[in-house]
Every structure is written in C-alpha cells, then in structure tokens.
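Each remark here refers to the structure printed beneath this line.
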Amino acid sequence: MTIKMEMSPQEIKQKKPYLEWGLSEKEYDYIAKKLLGRLPNYTETGLFAVMWSEHCSYKKSKAVLREFPNKNARVLQGPGEGAGIIDIGDGQGIVFKAESHNHPSAVEPYEGAATGVGGIIRDIFSMGARPIALLDSLHFGEIKDSRTRYLINEVVAGIGGYGNCMGIPTVGGEITFDECYADNPLVNAMCVGIIAQSKMQKGQAKGVGNAVMYVGAKTGRDGIHGATFASTDFSDERETQRSAVQVGDPFMEKLLLEACLLLTSKHQEWLVGIQDMGAAGLVSSSCEMASKAGSGMILELDNVPQREDGMSAYEIMLSESQERMLLCVRAGFEEEVKKLFHDFGLDAVVIGRVTEKKDYLLKHHGQVVTNIPVASLTDDVLEESSREKVPARIIKRNEQPTWHPGQLAVGDVLCKMLQQPTIASKRIFTETYDSQVRTNTVVGPGSDAAVLRIRQTDKAIALTTDGNGRFVYLDPFIGGKIAVLEAATNLVASGAKPLAITDCLNFGDPNDPEVCWELHQAVKGMAAACRQLDTPVISGNVSLYNESNGTAIFPTPMVGMVGLLENVRNYLTPTVKSVGAQLFLIGKTGNDFAGTEIQKMLTGKFSGPLNDFSLTDEVKKMEKLLQANQEGLLESAHDLSEGGLAVALVELVLHNQLGLSVSVDFAGEQLFSETPGRFVVSVAPQNVAAFKKLMGTDAVLIGEVTSKRECELTYQDGKTVLNLEEAKRLWEDAIPCLMKSRD
Amino acid sequence: MAVKARIFVTYKESVFDPQGQTITDAVQSLGHPEVKKVNVGKFFDVLLDSTTTDVAETINEISEQLLVNFNLETYRYELLEEG
Amino acid sequence: MAVKARIFVTYKESVFDPQGQTITDAVQSLGHPEVKKVNVGKFFDVLLDSTTTDVAETINEISEQLLVNFNLETYRYELLEEG
Amino acid sequence: MRIAIIVFPGSNCDVDLFEALHSVCNTDAQYVSYREKSLADFDAVMIPGGFSYGDYLRCGAIARFSNIMPEVVKFARAGKPVLGICNGFQILTEAGLLPGALKKNNNLKFICKTAALTVENNATLFTKQYHSKEKIYLPIAHADGSYYAEKNVLSQLEDQQQVVFRYADENPNGSLNNIAGIINERGNVLGMMPHPERAVESLLGNVDGLRVFKSLLEGKVRTKEASR
Ligand SMILES: Nc1ncnc2c1ncn2[C@@H]1O[C@H](COP(=O)(O)OP(=O)(O)O)[C@@H](O)[C@H]1O
Ligand SMILES: [Mg+2]
Numbered sequence: 000m001t002i003k004m005e006m007s008p009q010e011i012k013q014k015k016p017y018l019e020w021g022l023s024e025k026e027y028d029y030i031a032k033k034l035l036g037r038l039p040n041y042t043e044t045g046l047f048a049v050m051w052s053e054h055c056s057y058k059k060s061k062a063v064l065r066e067f068p069n070k071n072a073r074v075l076q077g078p079g080e081g082a083g084i085i086d087i088g089d090g091q092g093i094v095f096k097a098e099s100h101n102h103p104s105a106v107e108p109y110e111g112a113a114t115g116v117g118g119i120i121r122d123i124f125s126m127g128a129r130p131i132a133l134l135d136s137l138h139f140g141e142i143k144d145s146r147t148r149y150l151i152n153e154v155v156a157g158i159g160g161y162g163n164c165m166g167i168p169t170v171g172g173e174i175t176f177d178e179c180y181a182d183n184p185l186v187n188a189m190c191v192g193i194i195a196q197s198k199m200q201k202g203q204a205k206g207v208g209n210a211v212m213y214v215g216a217k218t219g220r221d222g223i224h225g226a227t228f229a230s231t232d233f234s235d236e237r238e239t240q241r242s243a244v245q246v247g248d249p250f251m252e253k254l255l256l257e258a259c260l261l262l263t264s265k266h267q268e269w270l271v272g273i274q275d276m277g278a279a280g281l282v283s284s285s286c287e288m289a290s291k292a293g294s295g296m297i298l299e300l301d302n303v304p305q306r307e308d309g310m311s312a313y314e315i316m317l318s319e320s321q322e323r324m325l326l327c328v329r330a331g332f333e334e335e336v337k338k339l340f341h342d343f344g345l346d347a348v349v350i351g352r353v354t355e356k357k358d359y360l361l362k363h364h365g366q367v368v369t370n371i372p373v374a375s376l377t378d379d380v381l382e383e384s385s386r387e388k389v390p391a392r393i394i395k396r397n398e399q400p401t402w403h404p405g406q407l408a409v410g411d412v413l414c415k416m417l418q419q420p421t422i423a424s425k426r427i428f429t430e431t432y433d434s435q436v437r438t439n440t441v442v443g444p445g446s447d448a449a450v451l452r453i454r455q456t457d458k459a460i461a462l463t464t465d466g467n468g469r470f471v472y473l474d475p476f477i478g479g480k481i482a483v484l485e486a487a488t489n490l491v492a493s494g495a496k497p498l499a500i501t502d503c504l505n506f507g508d509p510n511d512p513e514v515c516w517e518l519h520q521a522v523k524g525m526a527a528a529c530r531q532l533d534t535p536v537i538s539g540n541v542s543l544y545n546e547s548n549g550t551a552i553f554p555t556p557m558v559g560m561v562g563l564l565e566n567v568r569n570y571l572t573p574t575v576k577s578v579g580a581q582l583f584l585i586g587k588t589g590n591d592f593a594g595t596e597i598q599k600m601l602t603g604k605f606s607g608p609l610n611d612f613s614l615t616d617e618v619k620k621m622e623k624l625l626q627a628n629q630e631g632l633l634e635s636a637h638d639l640s641e642g643g644l645a646v647a648l649v650e651l652v653l654h655n656q657l658g659l660s661v662s663v664d665f666a667g668e669q670l671f672s673e674t675p676g677r678f679v680v681s682v683a684p685q686n687v688a689a690f691k692k693l694m695g696t697d698a699v700l701i702g703e704v705t706s707k708r709e710c711e712l713t714y715q716d717g718k719t720v721l722n723l724e725e726a727k728r729l730w731e732d733a734i735p736c737l738m739k740s741r742d
Numbered sequence: 000m001a002v003k004a005r006i007f008v009t010y011k012e013s014v015f016d017p018q019g020q021t022i023t024d025a026v027q028s029l030g031h032p033e034v035k036k037v038n039v040g041k042f043f044d045v046l047l048d049s050t051t052t053d054v055a056e057t058i059n060e061i062s063e064q065l066l067v068n069f070n071l072e073t074y075r076y077e078l079l080e081e082g
Numbered sequence: 000m001a002v003k004a005r006i007f008v009t010y011k012e013s014v015f016d017p018q019g020q021t022i023t024d025a026v027q028s029l030g031h032p033e034v035k036k037v038n039v040g041k042f043f044d045v046l047l048d049s050t051t052t053d054v055a056e057t058i059n060e061i062s063e064q065l066l067v068n069f070n071l072e073t074y075r076y077e078l079l080e081e082g
Numbered sequence: 000m001r002i003a004i005i006v007f008p009g010s011n012c013d014v015d016l017f018e019a020l021h022s023v024c025n026t027d028a029q030y031v032s033y034r035e036k037s038l039a040d041f042d043a044v045m046i047p048g049g050f051s052y053g054d055y056l057r058c059g060a061i062a063r064f065s066n067i068m069p070e071v072v073k074f075a076r077a078g079k080p081v082l083g084i085c086n087g088f089q090i091l092t093e094a095g096l097l098p099g100a101l102k103k104n105n106n107l108k109f110i111c112k113t114a115a116l117t118v119e120n121n122a123t124l125f126t127k128q129y130h131s132k133e134k135i136y137l138p139i140a141h142a143d144g145s146y147y148a149e150k151n152v153l154s155q156l157e158d159q160q161q162v163v164f165r166y167a168d169e170n171p172n173g174s175l176n177n178i179a180g181i182i183n184e185r186g187n188v189l190g191m192m193p194h195p196e197r198a199v200e201s202l203l204g205n206v207d208g209l210r211v212f213k214s215l216l217e218g219k220v221r222t223k224e225a226s227r
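Protein chains in written order, with numbering that gives the first Met the number 0: chain W, 0 to 742; chain S, 0 to 82; chain C, 0 to 82; chain P, 0 to 227.
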C-alpha cells in the first residue's frame, strides 16, 4: 500500500489516478482551473477525491435532503453537526443520529458493524453528550445459506461486541430478511445521548492561534479511501478493497469517551470545538471544523501520532483509523488538555493552529504538501442535479390486478406467518446485546419501542428504528410516508409523543435515474409525514450505491425516531395485563395486501400498488390515543405491522399465560392486511366507557382477554382456535432453527 | 497413526491489534521495560486421521474456508510430530 | 539485536474447550470427516530488547504473572529466530 | 456504612452500582479510582461489572495489577466485606481472593437475560435477607461466566457451603455445578456473575437483587423501594 514515489501533478493530469478514487474528470478540471488555478499535487488530489465523495459531500443528495423539515421550537441543533439535539425540558437535550456501515459490513461483517457502532457513538459524545442507548436496523438476505448465516452472526456479534464493551445498552432496533439484501446487507446504527443544554459543543475551529489537538488512537494505514469505497458500487473484486477494513478498539473508545466528557463538562473554558474523525479521517474533521468557523488552518503532519512507519501525507490525512477525535483548544490551555488525556492513558498532541487566512495548509517533513482554500474542499463541491426517471415497474404497476390472498385456512397461515424470519422472535440475536447496563431500560428489545427513564426527572424517552424497503419499493412516496408513520405508531404504542427523527437513506446507484427518482419520492413522502407529525429531521445519513453485481436493494430508508413520556409510569407494552380487559382495534382495516408479509409468503414476491392514506387523520388518531393513555385508560397497546392484526394478536400474549377471544367484522384474509396506522389496545372494563367516548368511531371493540391459553378468532367467513403455547413455540424456534441448519 | 498439524493465525502486519497493544502496556507497567512488544495470535491443533491422502490440501482448505479471516489475518502451518 | 519468543498458552487437559468442540463440528460438517479434532490455543509473540540478560526469566515471569491463568491454562515457550 | 466502588479503566457498571447504593439504598457510596492506594475509612468494597482493560487478555487479568488491588487484598484479609459482580468476580478470582476461574460461555456468546437462581447459602453477610433455597431471578450479562475449578476445589466449595448462588432451571453458560456465585472460606468475599444492582427498582421490573445490598447494610437502611 505504501506509495513510495508519488506521481507529479503533471502525471496525475495524464494518468488520471483520481478516476479510481471516485473523482470525475470534470471535477478534476474544475478544481485545477477554477478553484486552484494550477494542477493539484498528489496529496491535494487525494483530499479532493475523498472530500468530494458522496459520503462526505452529499453532492448528489443535498438538493433532495432540503425537502426535509428540520426546525421547530424543540430543535436545539439540526443537521450539520455530529448529531442533532432536541429539547426535552428541564435544561436537558436528547442528542441522536444514525449512521450506515453497509459496505464495510458486507466485506468484513464483525469489524464493519463494530466500527459502525464506534463511529456513531463518537458522533454523540463529540456534541458533549453522554451516550445512553444504541439501536440497530439490520437487513439481510434470507437465512438459507452459510454465507448469510455468517454475515448475520458476525454483524450481530460486532454490534454487541462494541456496545457491550462500551457499557452503552443496545435497547432496540430491527432485523428483517429479504433476498435483495443478500450481497448487500444493511447495517444502520443509531446512538442516543443526553446532554445538559449548557454543555452543548460544536465542531468548529476558530480564534487565530488556537491549537488543533489530536487525541486518541494512533494513525495507521487503515481504511484509506474508506469514504470513497462507501460511495462506489462494488463488485466481486473485493481483494483490492481490503485495505479499507478497520479494526475497532472499544476499550480505547471508552477511555476517549470518558476523557472527552470530562473535558466538555468540566473544562469548557479550555475548549473551542470538538469533532470526531469519522469518514475521511483527519482531512474531513479538520477542514470541516475550519470551514464551519470560516477559519484557516495549518497542520504539521509530523506531529500526528503514527502507528506505522513511513506514512505519506496522503495516507495520514485519509486514514480512517478508529477512535480518534480532533479538538480546537484555546491557546494557553494545551498543557492542561494534554494532562487530562494522559490521565486516561491517551495521546493528546498539538498538530496545528487556527490561522487567519482561509487556507488549508499541510506541512510534512518540512515541506508544504497542501495549500488550498478551506472552502474548496467543503463548500465548492459541484452539486450534481440528478436526472430522474420513473422505473418501469412503477408505471406497469397500476395495470396489474390487485392481489388478494383469497379464502385462507387462517390458523395454518398464521402459524406459518409466525415462523417468517421477519416476524419470528429475534431473541437469539438481541440476547447477545447488553440491553440493561446503565439501569435506565424500562422497556428493552422486543417491544414496539424501547423506553428509557431519565434519571432525576419523572420523564422517559422512547426510541425506535424502522426501515422499510418493501413498501418503498412498490411506491416510494407512499412508502416513505409509511416509514415515518410506522416509527411514530411504535412510539405512540409505547405511550410516547413523537419528537424528531434521524434517518439513513439506503439506496442504489445514484447515477441511475430510476434510483434518483426513488430517492426523491421517498424523501418527499417522509418529509410530508414529518411535517404532519411535527417531527423534524435533525440528523441523518445517506448511503448510496447499495448494489452488488448490478442489482439494487429495495430502496430502504431507515427512520430512527425519539419520543417523550412526561411520566415514565405511563409507558405501555404490547402484553395484555388482565383477564376481562376489552380489546379495541384502532383504525380501519382495508384490503392492503401489496408489499405485505402474506403476499411474500404466498407468492414469493412483492407487487401491486399501495393505497394512499390521510396523514391528518393518522395524526388525530394518534393524539387521541396518547390522550387516552395519559388519562390512564389503557392497559396495553401495540401497533399493527408485519402480519397485520392476526400476528399482532398473538404478540399480545407471547409473554404471559393469558388468552384472547376476538371477533372481527371482516374477512379472514383481512386479518393479514397491513393497513398502516392501526393499533390494538386493551382497556380495563371500568375504563371502557370513557375510552369509547374519547376515541369515537376510531376504536372498535373486537374482543377480550381470557384466562384460557388460546386465541379464539371469529371472522366473517370462519372461525379458528389457535393453541398459544404451540404458536409461541413456532415463533420462538423459527430463527434458531434456521441459524442452526447447514447447507 | 494419526497426523497432527498446528495452524498459526496472526493479524496481518498492517492491521491494528488493540489486544496486543493493551497487553504490551500491561507487561511494561509490571516492571518489564525490556519487553518491547507483545502480539497476540491463535493456533489450531488439528488431528487428522491417518487415511488423509493430502494433508496439505486439507489444512489449506479448512484454513481458507473456516479458520482464517483473510480480511485481517494470515496463516501458516507446520506438521507436528506425534505426541 | 532483539530477541523474539513465542509463548503458547492452552487449556489444561481437564478443561472443556467449547470453541474447539464447535470448530471440530464445523470442520467436519464442511466435508472433512478426516479431521478428528481441533483444539484452539493462543500465543504471544514477545519482542525483547537485546539487553535482556535472562530471557527465560523474563518470559517465565510475565507468563506467570499475567499471560497465563493457572487455574485453566498451561504454557510453554520457544525462542524464535530473528525475522 | 461507607462503600467503595472501585473503578478501573473500562468498568461500566460502576454507575449502576452507585445508583443502587446511593439512590435506592441511601447509602454513602464513593467511586475509588484504580490508581488510589488507600481504602481507609471504608466499611465495604465493591468491584463493579464492565470490561476492565477491554477484557483484552482475559477478563480481569490486567485490572488485578492496579494500585488499588493490594489494598483490596488487605481489606479482604482483614475480614471486611468485599463484593465482586460480573467483571468484579472475574477480577477477584484473578487476584486469588476467590478460587477458580471464569471461562468463555459454552455457546461462545455474550448472554444478557434474566436467570433463575437458588440462594444456596443464606447465612452470609450478603444473603441474610433471603430464605434458604429461595428461588430468585437476576439479570446476567456476560461473555465469560462459566465457572471452572479443579475437582478438589469444587468439593471444598460444596462441603463448606461456599456456593452462594446456583443457576436454577437452566445453566446459561456451562458453569460447573451450576455455580453463579461463591464466597471465600472466611465468608467476607463474595463473587457473583448475576447483577443484583440491576434488580433493585420495580420500575425496571425486578427487585430481587435489592436484598444483597440490604443484607450487607443490615436493616440500618431505609430503602425507597419495598421488596416484593
Ligand atoms: N438523510 C439525512 N437527513 C438529514 N440530515 C442528514 C442526512 N444525511 C446527512 N445529514 C446530516 O448531514 C451532516 C453530515 O452527515 P455525515 O457526513 O453523515 O456525518 P458524519 O460526518 O458524522 O459522518 C450531519 O449533520 C447529518 O446529520
Ligand atoms: Mg410495532
């Protein structure tokens, strides 16, 4: 990997090595002619290539992201920093962001997933916040070959390996399976932190003469061009990509976390700004810190702590070694900061200074190796307006007849449904995550949303991630609305008012106009839902080029949503509590079979148009339900998702010894319809009158909780009695059994 | 008679070994400044039955399929005498 | 010139090694019935500086103090040639 | 009672233990850094769970060489109470204050779940408030919790009622004799893999661990949470 003889600027112009690094000829020419007025040298070309990659610059997605609402009275920090911050009152804020690590995880699943978690944690504590929870949204191929099993085992182990060691509980997330993710699994991680509003930090380097300090692990040659690697389609020539693999060191990160939080909470007067070194390492963190403050910067690369010998300037700047942070420290406090980090056994070194001229100046072995305007790396990126085209499958879609399951043996179908990996118990995975450390986890994995109490207050937050590929694939706009709505219903079902979201937009190759159309439509749908719900998008991440050997994944936006419970005691779970409690279905059930689990189970694919719905109505319904809960009318609540009402009902009694007797006024097949925005709640008999009055026609009585361990289901065209112990066993054993089988 | 082989697996040179670093620090602070570096590796002792026609082939196959992660690691092996 | 030693650490005979068992099963099911057993161990490559007067003493000391847990494990070491 | 909570680099259940002692049991608990060299003024020492030194060599192997450990040993030898939870248990075995060792779980994975236990010995400083053979439920969260000791050590542990907690129903990790927690001969040093500090508040769904602390604090405490 060592490049002993670097090409001269002339050679670069002729041999165009930048094409391989993801920079186009047009961009190169623009840089040389318009931005610099000369040919960039080797190091400079490398810096441009990585900073102008989609991963760092969002040049292809920026315009689309502007559709998202990102402000309201609660937003303390929107997009543009390490993470967003939302006000929860009492001078406190919740800090959160999600990040994808799809490509690294496809290549090296354990370390890819682990370093994804490590990276998102750094984003949170770089804001000055104490990380308190992790979530992960994972999408894999069907569990039918050893490669997929290996990917699943390793990704799950990597997530647990990092989070457990850090002492940050992994409290929620999701795992779904579909063949489209076989070669390109999605690994999205979200981290949530808490902060006193007076301690909020920014990633900025301002004040001429202030020090730029490097803290944490030493720099090695790991992950050179990781950012561009994440931004290009990759095929089977993985061999050449292997240098992009980084190894996580959670112990180092734990030390870094504690040291940084000591600095940000107790010694704010020493600190001007702080940012983590994530994608594109030192170059992106340093030039972004300078750019945000409108400053210039000079760095002495010889001072950068190095793990390997003979690293070039290019390698030092582009390395993606993990567990490193960059600080801007007020001149005169360098020694204090050094001492603080040394006490944790960490390196802290002055590597540069803030300068007046807005230039980015790098020196290595006594020579100037880079001298370019800061803004040329960060602000002058050529934004690309993308051509959009409606995919053929969407145009043809409306000509297809609407698919119906037809008359079903409901009991048998339900038993099979409970064994679909996307629906079946994920306990064998979530059990490997420490979900309780920090002892705030009121509701952990396995519920609609996780609930964490906020110490020293009566409050709690609820957290969920929901990625939705199948609906977005069929109709990106409506699918985008559903993705956000689904997250909101999960929070409401937990008793929380939705506050704000983060997202990971996992899409295919943006050079494909069809992918661009999908992205744009999905974002529009998500934005519409966010506006209606008043849940601004306060942070997020875009992951494009999710395809392998030319096939794109389902366009899969992941929504990470945070909600608030004013009183933690109001939290709800799906599990019903008492015999005789009345069951209500909230929301109308339609013939929504396109994109459902039943469609996949019976036909092997997803097809057909989605039915649109009114966001205004959904929001009203959710507000009423929250009110019912605040008035203490609900014993349990569960939102309906994969598998519709049939599956949701079984889920009410998986964790107790009770049974259900239910009767609905629609056909058996509709028990599996996945009309969005529905809930099933249980209400104690004495509260039924008040509940009905409040909910009006939105709530329909469908049955009650019984003491007999079975689920009795009556529908228009039949009746089924399901043995719940048997159902539970099928649901529990499905994934362990698939994971154990051999090819 | 059976054949025994030992497969040594180590991180590639360029890959960071956080364990080795932490152990090095611990050894040094225990009063052994003469120890410059500790690296960690693992080994697999593989017992093959005597009918194995091509020992090298088996060893290479199981290493490549299962025992070694080529993203991060390399391996070599040696045949052990019968113990 | 520096000295390099490799310290091999294994579970004692009496200690069940779940990893070895799992790997043995996996190797066999991958189509290698000729593999009778796989045992797993770890090794530490220790780089000592040339001034070290008594290499054996250092090795034994750091093994006994830190690298080996005698409740479970045993060790032996060999000196490696300079690479 | 003043309780020292020893904090090593990588400890991460220190806060949970502090909150259990301080907020729930209203006890004077203090964090004590691994660098300190004195435990004077403390009445009990607790070593919390977590990943000291990343668990990079063996769990607890590096932590036991910190400055504070000779003090912990002295403290234990003086007959004063010492409790090690999870990583704390591992550190106590590495330091030789408790016999045996903790191996990787049999399924080779980290396991976080609620385990059923029986209280085998309720005549200790830490278990007085449980009934003999009482079945309780405590969270476990570890990758290396499979207790191992040589035969003669095991039989001594059994003969002298040094096994304090045993897994009931199911052995989650392969521990010999289903051991989940043991005490030293003298009866003042307890090591346990389950986390009592995670089970002290009904809000979090379990208060079975509270009596470990209450036993030690002996009725002298007022607690905010009534036991179940
Ligand atoms: N899909 C998105 N929606 C909203 N904000 C986004 C989105 N993608 C990126 N952002 C914001 O753009 C900024 C840069 O993101 P990113 O490059 O992913 O951060 P990092 O440098 O930490 O990896 C962040 O503030 C992020 O929150
Ligand atoms: Mg749900």
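By construction, the Cβ of each residue, glycine as well, lies at the ideal position given by its N, Cα and C atoms. None of the values given here were measured: they were computed from a predicted structure.
Neighbourhood of residue i by C-beta, 8 Å cutoff - its chain only, sequence neighbours within 5 removed
i, result
"Ser-197 (chain W)", "Gly-90"
"Gln-435 (chain W)", "Pro-168 and Gly-443"
"Ile-193 (chain W)", "Gln-91, Gly-92, Ile-93, Val-94, Ala-128, Arg-129, Ile-131 and Ile-453"
"Val-74 (chain W)", "Gly-83, Ile-84, Ile-85, Asp-86, Ala-499, Pro-535 and Ile-537"
In DSSP terms, what residue i is bridged to
i, result
"Asp-638 (chain W)", "W:Phe-678"
"Asn-505 (chain W)", "W:Ser-542 and W:Thr-555"
"Ser-99 (chain W)", "W:Asn-187"
Residue j beta carbon less than 8 Å from that of residue i
i, j, result
"Gly-162 (chain W)", "Pro-8 (chain P)", "no"
"Leu-632 (chain W)", "Cys-710 (chain W)", "no"
"Ile-11 (chain W)", "Thr-42 (chain W)", "no"
"Ala-527 (chain W)", "Leu-614 (chain W)", "yes"
"Ala-142 (chain P)", "Asn-104 (chain P)", "yes"
Beta-carbon proximity list for residue i, same chain, < 6 Å, skipping 5 on both sides
i, result
"Arg-241 (chain W)", "Residue confidence for Arg-241 (chain W) is low, a pLDDT of 43 falling below 50, so the modelled location carries little weight; the figure read from the coordinates is stated next. Counting only Cβ-Cβ distances below 6 Å, and skipping sequence neighbours, we find nothing."
"Asn-11 (chain P)", "Gly-49"
"Gly-562 (chain W)", "Ala-461, Leu-490, Ala-495, Lys-496, Pro-497 and Leu-498"
"Gly-82 (chain S)", "Because the pLDDT at Gly-82 (chain S) is just 47, under 50, the model does not fix this residue reliably, and the value given afterwards should be weighed accordingly. Counting only Cβ-Cβ distances below 6 Å, and skipping sequence neighbours, we find nothing."
Residue nearest to residue i in terms of C-alpha spacing, selected from the options
i, options, result
"Lys-265 (chain W)", "W:Phe-250, W:Leu-75, W:Gly-247 and W:Met-199", "W:Met-199"
"Thr-175 (chain W)", "W:Gln-245, W:Gly-466, W:Ala-459 and W:Ser-60", "W:Gly-466"
"Leu-134 (chain W)", "W:Tyr-149, W:Ile-158, W:Thr-147 and W:Asp-122", "W:Ile-158"
Neighbourhood of residue i by C-beta, 7 Å cutoff - its chain only, sequence neighbours within 5 removed
i, result
"Gly-589 (chain W)", "Asn-610, Ser-672 and Thr-674"
"Glu-572 (chain W)", "At residue 572 (chain W) the sequence reads Thr, which differs from the Glu that was named. The residues are Val-442, Ser-446 and Ser-635."
"Ser-599 (chain W)", "Note that residue 599 (chain W) is Lys in the sequence shown here, rather than Ser. Excluding sequence neighbours, Lys-599 (chain W) sits near Phe-605."
### Message
Restricting to runs no shorter than 3 residues, where is the beta strand (DSSP E) found entirely within the region 156-207 of chain P?
### Response
162-166, 178-182 and 188-191
### Task
Starting from the N-terminal side, write out each stretch of the alpha helix (DSSP H) that is 4 residues or longer and does not extend beyond the region 331-381 of chain W.
333-342 and 373-377
### Query
Residue ranges of each alpha helix (DSSP H) run of no fewer than 4 residues wholly in the region 34-79 of chain S, ordered along the chain?
54-61
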